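Throughout the sequence shown, residue numbering follows the numbering used here, covering 475 to 614 in sequence. Beneath this line is the structure, given in structure tokens, with notes to follow.
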Amino acid sequence: AGWMLSLLQFAVIPMTFIIPIVAGKTQNQRVLAGLTAVLFFIGILGLIQGVLVPLWVVIIGIAGGSAFGLSMMFFSLRTKDGHQASELSGMAQSIGYLLAATGPIAFGWLQLQPCGFCRYRTNESRPSVFRSWRPALRCG
């Protein structure tokens, strides 16, 4: 898992620098946003299959770098000056962090429920990236 995380981070770095340059030169960034979403979707589907994991990790890394680069670029593309961009960035990031903080609380609450994780069992007959979740998924 550690090597896959390192691989993902190495895939993020170039796209973080490339995508803002490309987004700044295009009039419409919808294609870049759509391509980023498709790459995330393909990478996650590949990870669920459990084969060629490094390939899917690199695809998710490329999508993650693209998403981060686009999100930072949108602040400057959608505003008139630096002051307005900093206000928009501050508002968006505070809302984003507030939403992100609810995730651990929600999963902690779900774990405390009787048999809360039983609904999310993986298929026992196929190899999966999620095989390590199986002990947590058992009820009893």
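C-beta atoms are modelled at their ideal positions from N, C-alpha and C, and glycine is treated no differently. Predicted, not measured: the structure shown is a model, and the values here were computed from it.
Which residue wins for smallest C-alpha separation from residue 475, given the options 527, 564, 583, 541? Comparing C-alpha distances from residue 475 to each of 527, 564, 583, 541 shows the shortest one belongs to 527.
Just reading off the alpha helix (DSSP H) that residue 524 is part of, what are its end residues? Here residue 524 belongs to no alpha helix (DSSP H), and DSSP marks it neither H nor E.
Spatially closest choice to residue 513 from 571, 529, 557, by CA coordinates: Ranking the options by Cα distance to residue 513, first place goes to 529.
With residue 554 as the anchor, note down where its alpha helix (DSSP H) starts and where it stops. For residue 554, no alpha helix (DSSP H) run applies, since DSSP gives it neither H nor E.
With burial defined as no fewer than 16 other Cβ atoms inside 10 Å of the residue's Cβ, what is the status of residue 533: buried or exposed? Buried, because 16 or more other Cβ atoms sit within 10 Å of the Cβ of residue 533.
Exposure of residue 572, with buried meaning 16 or more beta-carbon neighbours within 10 Å: Label assigned to residue 572: exposed.
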